[in-house]
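A.B. asks:
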Amino acid sequence: MDSVSVATTFKKTLGEKGIIFMPISEAIQEHPELVRKYLGTVVPTTDNFYAALNSAVFSDGSFCYIPKGVKCPMELSTYFRINEGGTGQFERTLVVADAGSYVSYLEGCTAPSRDENQLHAAVVELIAMDDAEIKYSTVQNWYPGNKEGKGGVYNFVTKRGLCEKNAKISWTQVETGSAVTWKYPSCVLKGDNSVGEFYSIAVTNNYQQADTGTKMIHLGNNTKSTIISKGISAGQSQNSYRGLVQVSSRAENARNFSQCDSLLMGNACGAHTFPYLEVKNKSAQIEHEATTSKIGEDQLFYCNQRGIDTEKAIALIVNGFSKEVLNKLPMEFAVEAQKLLEISLEGSVG
Amino acid sequence: MLKIENLQASIDDKSILKGLGLEVKSGEVHAIMGPNGAGKSTLANIIAGKDDYEVTAGSIELNGQDISELSPEERAHEGIFLSFQYPVEIPGVSVTNFIKTAINQTRKAKGLEDMPAKDMLKMIREKSELLEIDRKFLSRSLNEGFSGGEKKRNEIFQMAMLEPKLAILDETDSGLDIDALRIVASGVNKLKSKDNAVIVITHYQRLLDYIVPDFVHVLHDGKIVKSGDASLALELEAKGYDWIKQELV
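Given below as structure tokens:
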């Protein structure tokens, strides 16, 4: 097992505010009562196979606690890097924002290329207490396998957030790597007036497969969720959005807006959308929009004729397509994500 | 500037151009007219380098250089501009962002640095005023939801920004009302100089009232069958394309 978190923070500033941010292994030693109180409350060990596996063997991850009323003054970030070949990576992250607090958390994931497959089965639990807000951003670039589909990381992640009253959790992700991805960052909107957001760009190329989306569970009253999912497929890849909007019978006045857009490059790839709606309350307002488009030869020729070569034209078009989601990322992350999008689509012109 | 000799081209094994010849010198405006299916748009696309077409014989030279091996973007860097008949939409890419990218890519190809932001803004302001384009327009996604007139004005705006040596206007007048036509033509006329040339492709005489050609050519069945000055266009309008077909018989 191998989780090496390289924390990049300013411990002193955080300490002054009472913010706890440390590897989870340390947190278990230094703040056992806090960890015990919250760990496994959002994603119990029984949730799914990979969560059970993670719960049994997790080696590290991050623990973050923001005290009441504190706005974390900087973005917290950790970078996970899988080092060993043929291993499983089981990190466990727990972020607790106490009443009225705010934190923006960045997670970046890379892995060097390997021939064999590697497993990444992480669990992330977010708890936003009354009036608190958590922004969780991920840029994932695990090794996707080579052009023939050999090797690559299997990315099976369970991410879930719990919102109390007036709380808000936003998941923003840019996924460009992994051979196979299963990932549905979700929000349980337990408290009245709570808000859940999911912004995602998922890119697949060559033989990658991505099945990703979100679950928005509306339990409280006047809850609101927003889903914006952008899928880009190239090569022979398959890219699916799978999302659930669930409104319980006692959830009055729930609102959801979902937009799922797919961009196809070439003829051999696939884009699929599986929206699930389980609405058990008549006062709910649910909106869903979906578009599918293809980067056309005409668009590329138009760009060529203006002096823009095809690689650059694709970057331009993909960037335009993804802008809405990229704008949700903290600035430095957004720039990195943009470059990553370009690189992951290199050689996809055919 | 442009010299085409005996150009033969086909698409999907169907022969479209059957030995076309054309010479355009700097400072000149040439009009190419002809009935539907004659090959006018094919000619425009082939000069621009669209690879759907197969050139089976003949040559195209720009300033003495054979351009048949150059990619469309390389031809653009050499100064060729095509105003499309049906400009395509590119959602999410603003007009400003698109033209900035085009200009800087061309500069990069010539070994130049990106144009400084201040100069770019100044140029955008000047050229959009030239074509009576509202500033708000520039932040819209390229061609998305644009009316026919707005699309064509945007094409000429791009032409004004890129300052090409050879501009080919493919049926720029189609779908335009009188006012839009006037603005577009006035823009093109202001851009004309002794160092560049324009090829105007059109069905109708109307545009040529505003952009007065030095030469008019009639394209029929893949070849230029008749050439003359501006008065030829008037004659065509009066007599119709059938007159040309009869003349050839």
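Residue numbers (the working numbering), protein chains in the order written: chain A, 1172 to 1521; chain B, 525 to 773. Cβ atoms here follow ideal geometry from the backbone N, Cα and C, with glycine treated the same way.
At which residue ranges does the region 1314–1372 of chain A contain complete beta strand (DSSP E) runs of 3 or more residues, listed in the order of the chain?
C.D. replies: 1323–1334, 1339–1346, 1351–1354, 1357–1360
A.B. asks: If you count every other CB in all the chains shown that lies within 10 Å of the CB of residue 1315 of chain A, and 16 or more means buried, which is it?
C.D. replies: In the first sequence, the residue the question calls residue 1315 of chain A occupies position 144. By the neighbour-count rule (16 or more Cβ atoms within 10 Å), residue 1315 of chain A is buried.
A.B. asks: When you compare the CB of residue 720 of chain B with every CB in chain A, is at least one pair closer than 8 Å?
C.D. replies: What you label residue 720 of chain B is simply residue 196 of the second sequence in a count that begins at 1. Answer no: the Cβ-Cβ gap between residue 720 of chain B and chain A never drops below 8 Å.
A.B. asks: Check whether the Cβ atoms of residue 1427 of chain A and residue 1387 of chain A lie closer than 8 Å to each other.
C.D. replies: Locating residue 1427 of chain A in the first sequence gives position 256, where the first residue counts as 1. Locating residue 1387 of chain A in the first sequence gives position 216, where the first residue counts as 1. Inclusion of residue 1427 of chain A and residue 1387 of chain A in the CB contact set at 8 Å is warranted, their separation being smaller than that value.
A.B. asks: Taking the CB atoms as reference points, tell me whether residue 1350 of chain A and residue 1302 of chain A lie closer together than 8 Å.
C.D. replies: Looking up residue 1350 of chain A in the first sequence gives position 179. Looking up residue 1302 of chain A in the first sequence gives position 131. Not a contact, by the Cβ cut-off of 8 Å.
A.B. asks: Residues of chain A with a CB under 9 Å from the CB of residue 572 of chain B: which are they?
C.D. replies: One-based indexing of the second sequence puts residue 572 of chain B at position 48. Result: 1472, 1475, 1476.
A.B. asks: Give the C-beta separation of residue 1460 of chain A and residue 1430 of chain A to the nearest angstrom, bearing in mind that I take them to be a contact with Cβ-Cβ under 8 Å.
C.D. replies: By 1-based counting over the first sequence, the position of residue 1460 of chain A is 289. By 1-based counting over the first sequence, the position of residue 1430 of chain A is 259. Rounded to the nearest angstrom, the Cβ distance from residue 1460 of chain A to residue 1430 of chain A is 5 Å, consistent with a contact under 8 Å.
A.B. asks: Give the DSSP bridge partners of residue 1396 of chain A, in chain order.
C.D. replies: Within the first sequence, residue 1396 of chain A is the residue found at index 225, counting from 1. Beta-bridge pairing links residue 1396 of chain A to A/1367, A/1427.
A.B. asks: Counting only Cβ-Cβ distances shorter than 8 Å, please list the residues of the region 652–666 of chain B near chain A, keeping chain order.
C.D. replies: 665
A.B. asks: Under the rule that 16 or more other beta-carbon atoms within 10 Å means buried, what is residue 640 of chain B, buried or exposed?
C.D. replies: The residue you call residue 640 of chain B lines up with position 116 of the second sequence. Exposed.
A.B. asks: Can you list the residues of chain B that residue 1494 of chain A reaches, using a CB-CB cut of under 7 Å?
C.D. replies: In the first sequence, the residue the question calls residue 1494 of chain A occupies position 323. In chain order: 616.
A.B. asks: Please list the segments of the beta strand (DSSP E) lying wholly inside the region 645–719 of chain B, counting only runs of 3 or more residues, in order along the chain.
C.D. replies: Runs found: 690–694.
A.B. asks: Could you say if the region 683–701 of chain B and the region 639–653 of chain B meet the contact criterion of at least three C-beta pairs nearer than 8 Å?
C.D. replies: yes
A.B. asks: Considering only the alpha carbon of each residue, which of B/585, B/689, B/677, B/744 lies closest to residue 562 of chain B?
C.D. replies: Residue numbering aside, residue 562 of chain B sits at position 38 when the second sequence is read from its first letter. Nearest C-alpha to residue 562 of chain B: B/744.
A.B. asks: Along the chain, where does the beta strand (DSSP E) containing residue 1410 of chain A start, and where does it finish?
C.D. replies: Along the first sequence, one-based indexing puts residue 1410 of chain A at 239. Per DSSP, residue 1410 of chain A belongs to the beta strand (DSSP E) from 1409–1418.
A.B. asks: Could you compute how far the alpha carbon of residue 625 of chain B sits from the alpha carbon of residue 618 of chain B?
C.D. replies: For the purposes of this step, residue 625 of chain B is taken as the residue at position 101 of the second sequence. For the purposes of this step, residue 618 of chain B is taken as the residue at position 94 of the second sequence. Distance between the alpha carbons of residue 625 of chain B and residue 618 of chain B: 11 Å.
A.B. asks: Return the residue from the list B/751, B/747, B/755 that minimises the CA-CA distance to residue 531 of chain B.
C.D. replies: Looking up residue 531 of chain B in the second sequence gives position 7. The option with the nearest alpha carbon to residue 531 of chain B is B/747.
A.B. asks: Can you list, in chain order, the residues of its chain whose CB lies under 6 Å from that of residue 559 of chain B, leaving out five sequence neighbours each side?
C.D. replies: Taking the first residue of the second sequence as position 1, residue 559 of chain B is located at position 35. The answer, listed in chain order, is 765.
A.B. asks: What number of angstroms, rounded off, separates the C-alpha of residue 674 of chain B from the C-alpha of residue 629 of chain B?
C.D. replies: Position 150 of the second sequence, counted from the first residue, corresponds to residue 674 of chain B. Position 105 of the second sequence, counted from the first residue, corresponds to residue 629 of chain B. Each residue's Cα considered, the two are about 25 Å apart.
A.B. asks: Check the Cβ of residue 633 of chain B against every Cβ in chain A and list those closer than 8 Å, keeping chain order.
C.D. replies: Counting from 1 along the second sequence, the entry for residue 633 of chain B is found at position 109. Ordered by position in chain A, the residues that pass the 8 Å Cβ test against residue 633 of chain B are 1478.
A.B. asks: Residues of chain A with CB closer than 7 Å to the CB of residue 674 of chain B, please, in chain order.
C.D. replies: In the second sequence, residue 674 of chain B corresponds to position 150, counting from 1. Per Cβ cutoff of 7 Å: no residues; residue 674 of chain B is ~16 Å from chain A at best.
A.B. asks: Where does residue 1462 of chain A sit, in a helix, a strand or coil, going by DSSP?
C.D. replies: Sequence index remark: in the first sequence, residue 1462 of chain A carries index 291 (1-based). Note: residue 1462 of chain A maps to strand in three-state DSSP.
A.B. asks: Mind reading off the beta-carbon distance from residue 1291 of chain A to residue 1328 of chain A? Whole number of angstroms is fine, and I expect it under 8 Å.
C.D. replies: As a first step, residue 1291 of chain A is located in the first sequence; it is residue number 120 there, counting from the start. As a first step, residue 1328 of chain A is located in the first sequence; it is residue number 157 there, counting from the start. Taking 8 Å as the upper bound for CB-CB distance, residue 1291 of chain A and residue 1328 of chain A are in contact here, some 7 Å apart.
A.B. asks: Go through its chain and collect everything with a Cβ distance to residue 1499 of chain A's Cβ below 6 Å, but skip five positions before and after it.
C.D. replies: In the first sequence, residue 1499 of chain A corresponds to position 328, counting from 1. Taken in chain order, the residues that qualify are 1343, 1370.
A.B. asks: I'd like to know whether the C-beta atoms of residue 609 of chain B and residue 565 of chain B end up nearer to each other than 8 Å.
C.D. replies: Looking up residue 609 of chain B in the second sequence gives position 85. Looking up residue 565 of chain B in the second sequence gives position 41. Yes; because the gap between Cβ atoms is below 8 Å, this pair is in contact.
A.B. asks: So, at 8 Å on beta carbons, what are the nonlocal neighbours of residue 763 of chain B in its own chain, with the 5 sequence-adjacent residues on each side left out?
C.D. replies: For the purposes of this step, residue 763 of chain B is taken as residue 239 along the second sequence, with counting starting at 1. So no residue of the chain qualifies.
A.B. asks: Using C-beta distances below 8 Å, list every residue in its chain close to residue 1519 of chain A, excluding the 5 sequence neighbours before and after it, in chain order.
C.D. replies: By one-based count along the first sequence, residue 1519 of chain A stands at place 348. Once the five neighbours on either side are set aside, the close Cβ partners of residue 1519 of chain A are 1376, 1405, 1406, 1436, 1437, 1485.
A.B. asks: Check whether the region 1321–1337 of chain A and the region 1489–1497 of chain A touch, using three or more Cβ-Cβ pairs below 8 Å as the test.
C.D. replies: Not touching, per the Cβ criterion.
A.B. asks: Is it buried or exposed for residue 1300 of chain A, if we count other Cβ within 10 angstroms and need 16 for buried?
C.D. replies: Your numbering for residue 1300 of chain A matches position 129 in the first sequence. So residue 1300 of chain A counts as buried.
A.B. asks: Evaluate contact between the region 597–613 of chain B and the region 1461–1473 of chain A, counting only Cβ atoms and requiring at least three cross-stretch pairs below 8 Å.
C.D. replies: yes
A.B. asks: Taking 8 Å as the CB-CB cut-off, is residue 619 of chain B touching chain A?
C.D. replies: Residue numbering aside, residue 619 of chain B sits at position 95 when the second sequence is read from its first letter. No, residue 619 of chain B lies away from the interface with chain A (no Cβ there is under 8 Å from its Cβ).
A.B. asks: Under 9 Å, CB to CB, which of the residues in the region 597–610 of chain B have a partner in chain E?
C.D. replies: As a matter of chain content, chain E is missing from the structure shown, whose protein chains are A and B.
A.B. asks: Report yes or no: is there a C-beta of chain B within less than 8 Å of the C-beta of residue 1483 of chain A?
C.D. replies: In the first sequence, counting from the first residue as 1, residue 1483 of chain A sits at position 312. Judged by the 8 Å Cβ criterion, residue 1483 of chain A is in contact with chain B.
A.B. asks: Please report the distance separating the alpha-carbon of residue 757 of chain B from that of residue 740 of chain B.
C.D. replies: In the second sequence, residue 757 of chain B corresponds to position 233, counting from 1. In the second sequence, residue 740 of chain B corresponds to position 216, counting from 1. The straight-line gap from Cα to Cα measures roughly 7 Å.
A.B. asks: Less than 8 Å between the C-beta atoms of residue 1478 of chain A and residue 597 of chain B, yes or no?
C.D. replies: Position 307 of the first sequence holds residue 1478 of chain A. Position 73 of the second sequence holds residue 597 of chain B. Contact flag set, yes.
A.B. asks: With a cut-off of 8 Å, does the C-beta of residue 1457 of chain A fall near any C-beta of chain B?
C.D. replies: Here residue 1457 of chain A corresponds to residue number 286 of the first sequence, with the count starting at 1. It does not; no Cβ of chain B falls within 8 Å.
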